[in-house]
Amino acid sequence: MKNSFKIAICQMQVLDNKDQNLDKAVSMINEAANNGAELIVLPEMFNCPYDTKKFVEYAETREDSRSLNIISSASSDNDIYIVAGSIPELLDGKLYNSSFTFDRKGEIIGVHRKVHLFDVKIENGIEFKESDTLNPGNNVTTIETDLIKMGVAICYDVRFPELFRLMVLDGAEIIIVPGAFNMITGPAHWKTTVRARAIDNQCYLAAASPSRNEDLSYVAYGHSLVVDPWGRVVANAGYSEEIIYAHINKELIYKVRKELPLLENRRTDIYD
18 MKNSFKIAIC
28 QMQVLDNKDQ
38 NLDKAVSMIN
48 EAANNGAELI
58 VLPEMFNCPY
68 DTKKFVEYAE
78 TREDSRSLNI
88 ISSASSDNDI
98 YIVAGSIPEL
108 LDGKLYNSSF
118 TFDRKGEIIG
128 VHRKVHLFDV
138 KIENGIEFKE
148 SDTLNPGNNV
158 TTIETDLIKM
168 GVAICYDVRF
178 PELFRLMVLD
188 GAEIIIVPGA
198 FNMITGPAHW
208 KTTVRARAID
218 NQCYLAAASP
228 SRNEDLSYVA
238 YGHSLVVDPW
248 GRVVANAGYS
258 EEIIYAHINK
268 ELIYKVRKEL
278 PLLENRRTDI
288 YD
């Protein structure tokens with residue numbers, strides 16, 4: 018494995034048009050790969066608007082998914098890894114918010130189905146209930162690559178530190194979080210929560226949002242970012258469509274963990 022590599026987050030604007038979304042995703046992937054990125058991340062629900070009704074309309078099965086086939090080709094054509102944000106996946110008659118990871122040959126090497134569903138009602142704010150259409154996944158997701166061992170979580174999952182600790186205890190050195198915080202929760206908690214998970218677990222966090230599109234019923238906050246194991250923001254997007262890049266230095270992970278041995282100092286004898 019390499020000690021360092023370049024990651025890219027494609028903060029793409031998602032439209033209510035699957036063809037245009039897929040064309041945009043491939044265009045941004047190709048640009049990022051041409052700029053030297055070896056691991057490229059798309060946002061949550063990159064092929065459809067974040068809307069429970071649209072989840073049903075845009076849903077695809079893994080075996081017959083145009084979205085996944087297109088991303089697979091982009092991965093193999095560019096010899097890169099892609100964490101394909103997420104799509105509404107139909108599996109055994111149930112709908113999931115699912116993130117598929119592709120290797121350099123375009124093969125699926127990991128699937129994370131969102132564990133914690135976003136069912137909230139914020140006074141004078143937003144009301145959203147993913148469980149109206151989606152089912153929760155039940156697995157902790159870690160994936161081995163020739164670059165790094167990664168964990169994958171989706172959006173609301175980032176608010177649950179237990180899940181992130183389990184990924185790190187299983188060896189994750191970077192955790193990828195496709196997410197779509199909104200204009201209420203984003204300004205309040207997005208950067209703080211992503212930084213906290215990186216600091217808690219002394220690993221890299223890469224969080225990928227769609228860009229802001231005020232024509233949709235759910236408006237994403239944007240501000241994708243990459244945070245290092247010390248909690249420093251090393252790449253940060255605005256709210257518009259753009260690609261951000263960061264260098265992932267694996268030696269830094271173990272330097273931080275040696276100097277501040279949080280994982281070693283845990284008191285598992287009392288936690289249960």
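Offset between the sequence shown (1-based) and my numbering: plus 17.
Virtual Cβ for every residue (Gly too), placed ideally from N, Cα, C.
request  = Within its chain, find whatever has a CB closer than 8 Å to the CB of Y259; leave out the 5 residues flanking it on each side and keep chain order.
outcome  = A small fix is needed here, since residue 259 is Glu in this sequence, not Tyr. For E259, the CB contacts under 8 Å within the same chain, skipping 5 residues up- and downstream, are Q28 and S228 in chain order.
query = Buried or exposed: which applies to G110, given that a residue is buried once 16 or more other Cβ atoms fall within 10 Å of its Cβ?
reply = exposed
ask   = Can you tell me whether DSSP reads I260 as helix, strand or coil?
value = strand
message = DSSP three-state label for C65, please.
response = coil
Span of the alpha helix (DSSP H) around Q37 = K35 to N51
task = Identify, in the order they occur along the chain, each residue of the same chain with its Cβ nearer than 7 Å to the Cβ of P246, setting aside the five sequence neighbours on each side.
result = A215, Q219, C220, Y221, L269, I270 and V273
query = Taking Cβ positions, are R147 and F135 nearer each other than 8 Å?
reply = According to the sequence shown, residue 147 is Glu rather than Arg. Yes.
Length of the line joining the Cα atoms of T210 and A54 = 25 Å
query = Per the contact definition of three or more C-beta pairs closer than 8 Å, is the region 167-183 in contact with the region 121-133?
reply = yes
key: Limits of the unbroken alpha helix (DSSP H) element including A25   = Premise fails: A25 lies in the beta strand (DSSP E), S21 to Q28, not in any alpha helix (DSSP H).
ask   = A197 and S226 look like a contact to me (Cβ under 8 Å); what is the Cβ gap, rounded to whole Å?
value = 6 Å
query = For the ligand MG, any of its heavy atoms closer than 7 Å to the Cβ of N156?
reply = No copy of the ligand MG occurs in the structure displayed, which carries no ligand at all.
ask   = Considering only C-alpha positions, which residue in the set N52, R121, G255 and E106 is nearest to S92?
value = R121
key: With 16 other Cβ atoms within 10 Å as the buried cut-off, status of F177   = F177 is exposed by the Cβ-count criterion.
ask   = At what residues does the beta strand (DSSP E) containing G142 begin and finish?
value = Looking at the DSSP string, G142 is not in any beta strand (DSSP E), and its letter there is neither H nor E.
query = Which same chain residues, not among the five before or five after W129, have their C-beta less than 6 Å away from its C-beta?
reply = Per the sequence shown, the amino acid found at residue 129 is His instead of Trp. Excluding positions up to five away in sequence, the list reads S116, T158 and V169.
task = Give the single residue among N199, V185 and K208 whose Cα lies nearest to the Cα of D68.
result = Checking every option, the nearest Cα to that of D68 belongs to N199.
task = Provide the residue span of the beta strand (DSSP E) that contains N114, from first to last.
result = Here the beta strand (DSSP E) through N114 covers K111 to F119.
Candidates N230, Y238, L180 and R212, of which the one nearest G203 by Cα = Y238
ask   = Assuming R212 and G255 make a contact with CB atoms under 8 Å, what is their CB distance in whole Å?
value = With 8 Å as the limit, R212 and G255 do not qualify as a contact, their Cβ atoms being about 18 Å apart.
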